[in-house]
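Accompanying notes for the structure given below.
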Amino acid sequence: MELTSVGSDLIFLSLLTLTVCVGLDAPRVQSRIAPAMLFWIGRMARGAHRGQVGDDPVVFAARDSVSLACGALVLAIGLFAGVQ
Numbered sequence: 000m001e002l003t004s005v006g007s008d009l010i011f012l013s014l015l016t017l018t019v020c021v022g023l024d025a026p027r028v029q030s031r032i033a034p035a036m037l038f039w040i041g042r043m044a045r046g047a048h049r050g051q052v053g054d055d056p057v058v059f060a061a062r063d064s065v066s067l068a069c070g071a072l073v074l075a076i077g078l079f080a081g082v083q
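So in numbering that gives the first Met the number 0, spot 40 of the sequence shown is number 39, and the numbers just go up one at a time.
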């Protein structure tokens, strides 16, 4: 079993856990956050596989414009869900 396949499996399991936990309280929020998180986590995994992420994924995510945009999108979805 390759480490890459285990990482991919963990990505989908973490997203499933997020979807179930958030979906219990706010199903409308969960359905909007999940695609953004899937895109971002998949992009981070692909970047790590290609050697673009480096040693610290947190530093990479803080400097990466696409990661920041995904974070802003998830934050905006959460804020707008709280307003409704």
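Note that beta-carbon positions come from the ideal geometry of N, C-alpha and C, so glycine has one too.
Distances from the CA of residue 77 to each of 64, 32 and 59 were compared; the closest alpha carbon is that of 32. In terms of CA proximity to residue 69, 37 leads the group 37, 17, 13 and 7. By the 16-neighbour rule on beta-carbons within 10 angstroms, residue 63 is buried.
Separation of residue 53 and residue 19 (C-alpha to C-alpha, rounded to the nearest whole angstrom) is 31 Å.
Residue 50 sits in coil when the DSSP states are folded into three classes, being neither helix nor strand.
The alpha-carbon of residue 55 is positioned some 10 Å away from that of residue 47.
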